[in-house]
Amino acid sequence: MTSRAVRLQAPKTLRQSTFDLVKRSMLDGEYLSGQILSANSLAAELGISNSPVREALMDLTSLGLVEVVRNRGFRVRQMTEQDRQEVLEMRRIVEVSTMERLTERGVSDDELTIADGLAHDFVSLLREERVRDHLDADHRFHMYLIGLLGNSRISQTVENLRDQTRICGAFVDIPLDTLQTCADEHLDLIDALRSRDRLLVRSLMERQLEFAAARGALTHGGGDAAAPLAVPLRADTATIPR
Numbered sequence: 015m016t017s018r019a020v021r022l023q024a025p026k027t028l029r030q031s032t033f034d035l036v037k038r039s040m041l042d043g044e045y046l047s048g049q050i051l052s053a054n055s056l057a058a059e060l061g062i063s064n065s066p067v068r069e070a071l072m073d074l075t076s077l078g079l080v081e082v083v084r085n086r087g088f089r090v091r092q093m094t095e096q097d098r099q100e101v102l103e104m105r106r107i108v109e110v111s112t113m114e115r116l117t118e119r120g121v122s123d124d125e126l127t128i129a130d131g132l133a134h135d136f137v138s139l140l141r142e143e144r145v146r147d148h149l150d151a152d153h154r155f156h157m158y159l160i161g162l163l164g165n166s167r168i169s170q171t172v173e174n175l176r177d178q179t180r181i182c183g184a185f186v187d188i189p190l191d192t193l194q195t196c197a198d199e200h201l202d203l204i205d206a207l208r209s210r211d212r213l214l215v216r217s218l219m220e221r222q223l224e225f226a227a228a229r230g231a232l233t234h235g236g237g238d239a240a241a242p243l244a245v246p247l248r249a250d251t252a253t254i255p256r
């Protein structure tokens with residue numbers, strides 16, 4: 015792993031800073047599914063003691079993103095086809111119903127304006143070739159809407175499930191027409207929320223999850239677990255604060 019660091023707020027501990035860095039590296043494809051992570055090597059690279067690194071890796075284990083490997087350390091979680099289907103089923107149950115409840119509650123004009131800005135951020139990236147940027151923009155859009163319900167536990171659950179989906183199948187090539195369809199559906203979703211059309215919101219959310227399912231399936235065509243394909247990543251430079 016190249017020298018990177020995360021620009022972090024002062025209150026963050028070394029444990030949290032390391033957690034953020036390792037999680038970001040997994041989401042970006044720098045650490046691939048099935049890759050062994052050594053707490054000792056990471057600590058040496060970051061110039062910190064082993065303890066916060068090991069604690070951060072255990073935190074990632076509790077989220078299902080990393081697993082402990084006896085006598086070897088830690089490993090980026092390998093998602094079987096059953097794992098993938100279970101995660102997607104959970105997402106359908108939680109995300110779709112949350113958006114239906116949000117529709118019933120109603121979304122203010124100010125909230126819709128913010129959502130519209132996030133949707134157009136995704137549109138502006140359509141001709142970029144960075145899968146990570148597309149996925150980040152999609153994540154920000156959906157997590158903003160989920161967060162409007164004001165239930166932190168739902169937000170945390172959805173974020174964790176989306177992270178697992180991303181690690182499972184984030185780095186396949188995504189055709190431009192697929193990205194355009196996704197962008198159009200973001201805008202359609204905002205219109206459906208504005209008109210409080212619950213059935214249309216449900217339909218659009220189910221289609222968004224079908225997109226996630228299809229993307230993950232591309233990495234599972236040859237067996238139970240397959241590593242995602244790495245893509246060129248933007249160079250990051252930041253440091254773990256002492």
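Throughout, the working numbering is defined as the position within the sequence shown, counted from one, plus 14.
Think of the CB as a built atom: it goes at the ideal place given N, C-alpha and C, for glycine as much as any other residue.
DSSP state of residue i mapped onto helix, strand, coil
i: Ile160; result: helix
i: Arg86; result: coil
i: Ile181; result: helix
i: Leu102; result: helix
i: Val215; result: helix
i: Leu77; result: coil
i: Ile62; result: coil
Range of the contiguous alpha helix (DSSP H) that encloses residue i
i: Gly131; result: Asp123 to Ser138
i: Ile204; result: Leu190 to Ser209
i: Asp34; result: Leu28 to Leu41
i: Glu118; result: Ser111 to Arg119
Same chain only: Cβ atoms within 8 Å of residue i, ignoring 5 sequence neighbours per side
i: Asp115; result: Sequence inspection shows Arg at residue 115; the Asp mentioned does not correspond to that position. Excluding positions up to five away in sequence, the list reads Leu163.
i: Ala228; result: none
i: Thr27; result: Pro66
i: Thr117; result: Ala206, Leu207, Arg210, Asp211, Arg212 and Val215
Cα-Cα separation between residue i and residue j, rounded to whole angstroms
i: Ala57; j: Met40; result: 17 Å
i: Gln49; j: Glu109; result: 30 Å
i: Ile168; j: Ile160; result: 8 Å
i: Arg106; j: Asn85; result: 37 Å
i: Val145; j: Glu59; result: 27 Å
Beta-carbon contacts of residue i that lie in its chain and below 7 Å, excluding the five residues immediately before and after
i: Asp73; result: Phe33
i: Ile128; result: Tyr158
i: Arg180; result: Leu41 and Leu149
i: Val82; result: Thr75 and Phe88
C-beta atoms of residue i and residue j nearer than 8 Å
i: Phe136; j: Asp152; result: yes
i: Ala206; j: Leu214; result: yes
i: Leu126; j: Arg216; result: no
i: Leu46; j: Val90; result: yes
Cβ-heavy atom distance, residue i to the ligand FAD, below 7 Å
i: Arg141; result: The model depicted lacks the ligand FAD and carries no ligand whatsoever.
Contact set for residue i: own chain, Cβ-Cβ below 6 Å, skip 5 residues either direction
i: Asn174; result: Leu77
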